[in-house]
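Here's the structure we're looking at; comments come further down.
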Amino acid sequence: MLDFLISSAHAAEEVAVAAAQTTTDAAEAGPGFEGLIFPVALIAIFYFLLIRPQQKRNNEHKKMVGDAKKGDEIVTSGGVLGKITEVGDHFMTLEIGPNMSVQVIKSSISSVMPKGTYKSAGKAKK
């Protein structure tokens with residue numbers, strides 16, 4: 023009788039070990055979509071934090087350059103303040119002082135200033 027109980031306990035232990043191995047094997051079956059979650063999330067983060075804002079700034083700059091017209095007061099990327107006197111396809115002429123004009127490439131526009139900035143900057147020099 024004692025042999026029967028020992029063999030039954032041993033058989034129950036083997037069943038438990040086999041069940042545990044089956045569960046572990048199922049968990050380690052291989053990466054399905056779980057392996058793709060992190061790379062996809064990383065790409066989404068990069069897109070929304072880096073790529074999208076840069077595209078938005080580029081589009082705003084292109085619009086600002088395209089909307090530049092004669093009489094606008096601008097600052098170039100080099101820090102030159104001037105009033106647009108001529109606009110060409112790729113270049114524009116800026117009046118930077120009395121009887122002083124320079125030609126700059128359109129993409130060098132850094133910002134469009136409010137009207138009167140050019141005159142007030144000229145008065146501040148004197």
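Our numbering applies: residue 23 is where the sequence shown begins, and numbers increase by one. We put the CB at the ideal spot given by N, CA and C, even for glycine.
For Val102, no beta strand (DSSP E) encloses it, and the DSSP letter there is neither H nor E. In the three-state reduction of the DSSP assignment, Gly54 falls in the coil class, being assigned neither a helical nor a strand state. Judged by DSSP secondary structure, Gly88 falls within the alpha helix (DSSP H) whose first and last residues are 74 to 89. In the DSSP annotation of this structure, the continuous segment of the beta strand (DSSP E) that includes Ser132 starts and ends at 131 to 135. Note on Tyr140: 16 or more other CB atoms within 10 angstroms of its CB, so buried under the neighbour-count rule. If the five residues before and after Ser129 are omitted, its C-beta is found closer than 7 Å to the C-beta atoms of Val87, all from its own chain and listed in chain order.
One alpha carbon belongs to Met114, the other to Lys92, and they sit about 9 Å apart.
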